[in-house]
Amino acid sequence: MPIYFPTLTSIDIAETRRYAGLAKKPDFQTTMLEAICFEAQLLATPRASWSIYPYDSCRGLILSQPKLELTGKSIKKHLTAAVDIAVLSVTVGEKIEQTVTDYFGQGRYTEALLLDAAATTAVEMAADQINSIIVQEAQKNGLTAISRFSPGYDDWNITVQPTILQLSQGETIGITTTSSCMLIPRKSITAVIGLLPTDVKPNPPEHNNHNCQSCSQDDCSFRKESIND
Amino acid sequence: MIKIFDGAMGTMLQQAGLAAGACPELWNLEKPEAVTAIHRQYIEHGANIIETNTFGANRIKLAHYGLADKVQLLNTAAVNAARQAAGSAVKIAGSVGPTGKFIAPLGELAFEDAYQVYKEQISALTSAGVDMILIETIIDIQEMRAALLAAKAVTDMTVICQLSFGSDGRTVTGTDPVTAAILLDAMGADVIGANCSLGPAQLLPIAQALASATTRPISIQANAGMPQLINGETVFPMGPDEMAAWVPKLIQAGVSYLGGCCGTTPAHIKAISLAAAKSGMPHQQICLHNKTTAVTSRSKTVFMGANLPTVIIGERINPTGRKQLSADIKAGNFASVKKEALQQIRAGAHILDVNMGVPGINQAAAMAQAVNDLSMLVDAPLAIDTSDTEALEAGLRIYPGRALINSVSAEPDRLEQFLPLAKKYGAAILCLPLSDKGVPATASERVTVARHIIHKALEAGLRPQDFVLDALVLTVAADEHAAAETLKTLRLYRKYFGYPTTMGLSNISYGLPQRELVNASFAAMALSAGLDAPILNPYNPMMKDTLATSAVLLGYDRSGRSYSKDFAARQAVANNKPEAQQSNDILSTIRQAVIDGEKESIVPLVRQAISQNYSTIEITDKALTAAMNIIGEDFGAGRCFLPQVLLSAETMRAAFTTIKETLPSAQTAQLGTVVLATVKGDIHDLGKNIVAALLENNGFKVIDLGKDVAAETIVDAVKQHQADVVGLCALMTTTMPQIDQTIKLIKDSGITCRTMVGGAVLTAEYAQQAGADAYASDGVTAVKQAKKLIAR
């Protein structure tokens, strides 16, 4: 079970703009946005942990201790060809979201919103780093990694969150879940990455890359933003 | 002659009967004859260096098999098994592999623990009689540093350092081959190379990059192609002949040690050795960077030297004369140090000077923490600025790169203490021409002192590419020759040494007015006289301009392209500035200011309106509320976006505050009271906070109960505040049912207030089913709905 502290030498401004709902407004307060990304970089304390388990795709069973049977058509379909599964947890810590709350309290609404978006960017960037490590390590064993898939994507119920957290030893990096299966700190991610043998062709692309077009959650706010892009 | 290593050991052991999941190193004790037989096969097929079966024979890896206390035994047995096959003609390389853990600061394993683990294994290998140490398959430069330092601590024999690179050309933790080669060469690695992960095709450019950055021999041990998992087995597709076809190209690139990693067999080694024999002598390496001094971080190299663009060393991480920074460092709070680092990078610094010289603190601990924190935050290399030997070593030891030591002067103590540390950790040194006789006044005296430092450094084992010469800057207000002597020193340095030059600029202007102007002018002169890497305050705009124009004038910025681009960008910003509203109607001006989110300009505008005797009701209705209505419409129509709405709300807030401050008795109309909460079990409050902000600045009194609020608490608050509307928010499917329960409890309590719900997963249909009076998909809609509900 590796533990890793990802480095964030910058926070992607374009992504932050997108998460803030400004994809179509590229000239909005660039200086403020830059300052907020800079601040997010100082406030974020990225941490990650992951484990790799064999996977029985016929039964949708992650062969961990205890075993986890996946429920949800989308996740099982996504992992159809996988022989191993990497289960990961990533967080950027609580300090950043505390600052968002403080800013709201001080009437600094715009900065609060932008900092929240920057925190989302930060945790995604940290997850991308772990993703890349997992991909490279998998390659050494002749495995190909497909895109990561998180509880709450499509019809994969977030009630699986505590178990996924346990399988990735997310508690060791300070992540917990609430009784309603939310992650604390909020700017945290859990996900699985399917690892496929080389001689197996991945599913059609729409199932490998979770994206808004293929997702069944019509009401997701980020969906509108992405589809309108 | 090309040296030929052996091929894979693990797969050969498995073919000989090693069970999957068993400890390969245990066979050194249990079946040494099988291990010897594999070595023998490789020797018979052309290997002249064999690698011991000790890849995982470190304490951490062996602990997986309960063999942590068998390090000495297993390594000794491995060397014996190899020696049986090697005889005297073939050399034995003691194989040292990764611990499998990430090293701090990227991982949990402390650097010192990793160092001790390697020291234990390498001591065992050397005392058992290996001929050289091969540190291989390392994915993190910090782990390589720990192993190399450990090797250097226990033996003088040849140490080969091989990293594993990914298909993106970097190690897993982000180090490129040039950076790795520069750092490892400086630390005293005897052979530098790459193995595993990739096939020869992918390793060829890596070999070329390594060879461009070091004059040490290069070793490459590729896999037999890129691995594939077929029918449950990892297969390496490249046959011996195909692999051998890459040998001439690798030798051409500068490789003089060749072997094989995963998937290679004695047949591969035979083909490689035959191809190498045909290729003849190793190709003369072309080292592109040997006339410059380079420093590195984990992932980036910065080159300094004549004919290279000016390198800026940011001087701001220095507590001298800065009370707040000093107090923060003393209190162990490094937030301001980190902030200073990021700001300097944004301002254009290429290297960051780090000084922790706060009186009365443990400087070594502070330096270690600062270097550790900064190595996680910036990719600019660091200069460790201290006169404290312990602080210097603390910083150098923990830094996953090649730092610059600021500084080494000619005092005997300094030379004696600092030079061995520079050598041990592969640091570059800033040579400061001060001696125990004091500050040399003339350029020729400075050259003499610098020459002495360089002489001592070379004696201590440093190399020409380890030096940066300081020209020494004295105050021109105290001595009119100060600037001239410094400029002359720069010219003489260039003439006599050719090493890159540096100096702290700002001392020149001490005691003069408009210091920034003096500093910038001096910078231009110094750059012309041969200054390569000034130490300066990168925030000084005049200095920035001077550096940019100097880059054009000195020919580093070809055709002034970068200068012109920057100028055009600045013009564009200047042209985009909205012009001041010329409208005579103050209310329209205020309205436009709110729409544009001009927080700063709203306060004087509101004061102006009050002084023109507009009533607060007029200002609110005709300017502020009118503006928010327009914003709301624009938002609904997709013409503006949420952050803009919030910026307008902030502007409204500033306007209201000004009204209250200027006319404390003025009445502002209140539309009603809204109780807001994120329901029980739900901890998301961003959306709810946005709704609260917008309602408040649209004339509502808002009672915000926060997040994770029980239905009972909400009902109590509604009663207490006689709320007109309750706004409930839920973000997740798991907490959505709380919406139903809360609405039910409100109704059951007999309260007449209206309910409005929203949140990512909620829909209008769900809201209706739950019995809510309104559904709001966003903050702007929430304001509209609240107004409607109150009007009912």
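Those sequence lines, one after another, are chains B and R.
Using this note's numbering, you'd call the opening residue of the first sequence number 1 and step up by one each time.
Using this note's numbering, you'd call the opening residue of the second sequence number 1 and step up by one each time.
Built from N, CA and C at the ideal position, the CB exists for glycine as well.
**Asked** R/Thr733 by DSSP, collapsed to three states: which one?
**Response** coil
With a threshold of 6 angstroms (Cβ to nearest heavy atom), would R/Met543 be considered close to the ligand SAH?
Among the components modelled here there is no ligand, and therefore nothing to report on the ligand SAH.
- prompt: Considering only residues of the stretch 176 to 214 of chain R, which uninterrupted alpha helix (DSSP H) runs meet the minimum length of 4 residues and lie entirely inside it, listed in chain order?
  reply: 177 to 187, 200 to 213
Open item on the list: Using DSSP's beta-bridge definition, name the partner residues of R/Met756.
Closed with: R/Gly727, R/Ala774
Check whether the stretch 88 to 99 of chain B touches the stretch 67 to 78 of chain B, counting contact only when three or more Cβ pairs, one atom from each stretch, lie closer than 8 angstroms.
-> no
- How would you write the range of the alpha helix (DSSP H) that R/Lys701 sits in, first residue to last? That residue, R/Lys701, is in no alpha helix (DSSP H); its beta strand (DSSP E) goes 700 to 704.
If distances are taken between C-alpha atoms only, which option among R/Ala760, R/Tyr766, R/Thr733, R/Gly771 comes closest to R/Lys747? R/Gly771
B/Thr7 lies in the beta strand (DSSP E); which residues open and close that run? Premise fails: B/Thr7 is in no beta strand (DSSP E) and is neither H nor E.
(request) Specify, as a first and last residue, the run of the alpha helix (DSSP H) that R/Tyr118 falls within. (result) 111 to 128
- Could you name the residues of chain B that R/Arg316 contacts, counting a contact when the two beta carbons are closer than 8 angstroms? Going along chain B, no residue has its Cβ under 8 angstroms from R/Arg316, so there is no contact; the nearest lies around 15 angstroms.
Q) So, do the stretch 125 to 133 of chain R and the stretch 152 to 164 of chain R have three or more beta carbon pairs nearer to each other than 8 angstroms? A) yes
- [ ] Assign R/Met281 to buried or exposed, taking buried as 16 or more other Cβ atoms, counted over all protein chains shown, within 10 Å of its Cβ.
- [x] exposed
By Cβ distance, which residues of its chain are closer than 6 angstroms to R/Glu390, with the 5 residues on each side in sequence left out? Ala364
Exposed or buried, which one is R/Val439 when buried takes at least 16 other CB atoms within 10 Å?
exposed
| task | Using 10 angstroms around the beta-carbon of B/Glu206, count the other beta-carbons present and answer buried if the total reaches 16, otherwise exposed. | result | Confidence at B/Glu206 is low in this model, with a pLDDT of 43, below 50, so the placement of that residue should be treated as unreliable; the coordinate-derived value is given next. The residue is exposed, with fewer than 16 neighbouring Cβ atoms inside 10 Å.
Note to self: Counting only C-beta atoms, is R/Glu411 closer than 7 angstroms to chain B at any point?
What the structure shows: no
R/His455, buried or exposed, once every other Cβ within 10 Å from all chains shown has been counted against 16 = exposed
| said: Can you check which of these residues, B/Ala81, B/Glu34, B/Ala122, is closest to B/Pro54 by C-alpha distance? | reply: B/Ala81
Do R/Gly97 and R/Gly129 have their C-beta atoms closer together than 7 angstroms?
no
- request: Run down chain B in chain order and give the residues with a C-beta less than 8 angstroms from the C-beta of R/Gln228.
  value: Gly142, Pro197, Thr198, Asp199
- [ ] Taking R/Ser95 as part of the beta strand (DSSP E), name the residues at either end of that continuous run.
- [x] 91 to 96
Q: Sort R/Ser212, R/Ile269, R/Thr763, R/Ala222 by Cα distance to R/Glu44 and report the nearest one.
A: R/Ile269
**Asked** Per DSSP, R/Glu233 is paired with what?
**Response** R/Ile230
**Request:** Taking all protein chains shown into account, decide if R/Phe567 is buried (16 or more other Cβ within 10 angstroms of its Cβ) or exposed.
**Result:** exposed
- Query: Using a beta-carbon distance cut-off of less than 8 angstroms, what residues from the stretch 180 to 206 of chain R approach chain B?
  - Reply: Cys196, Ser197
Exercise. Measure from the alpha carbon of R/Asp532 to the alpha carbon of each residue in R/Ile586, R/Val468, R/Met543, then state which is nearest.
Key: R/Val468
Query raised in the report: Contact between the stretch 347 to 360 of chain R and the stretch 407 to 426 of chain R: three or more CB pairs below 8 angstroms?
Result: no
| message | Any C-beta of chain R within less than 8 angstroms: which residues of the stretch 90 to 120 of chain B qualify? | response | Val100, Thr101, Phe104, Gly107, Arg108, Tyr109, Thr110, Ala112, Leu113, Leu114, Asp116
Q. Since B/Ala118 and B/Phe149 are thought to touch, with beta carbons under 8 angstroms apart, how far apart are those beta carbons, to the nearest angstrom?
A. Not really, about 24 angstroms apart at Cβ, beyond 8 angstroms.
Please compile the residues from chain R whose C-beta is within a distance smaller than 8 angstroms of the C-beta of B/Ile164. Simply none; closest approach about 14 angstroms.
- request: With DSSP as the reference, label B/His207 as helix, strand or coil.
  value: Reliability fails at B/His207, whose pLDDT of 45 lies under 50, so the model's placement of it is uncertain and no value is given.
C-alpha gap between R/Asp6 and R/Ile49, whole angstroms: 7 angstroms
| query | How would you call R/Thr625, buried or exposed, if buried means at least 16 neighbouring beta carbons within 10 angstroms? | reply | buried
Where does B/Asp27 land, buried or exposed, given buried means 16+ other C-beta within 10 angstroms?
exposed
Check whether the stretch 60 to 71 of chain R and the stretch 20 to 35 of chain R touch, using three or more Cβ-Cβ pairs below 8 angstroms as the test. yes
Can you grab the Cα-Cα spacing for the pair B/Asn208 / B/Leu196, in whole Å? Here B/Asn208 scores only 47 on pLDDT, less than 50, and its place in the model is too uncertain to base an answer on.
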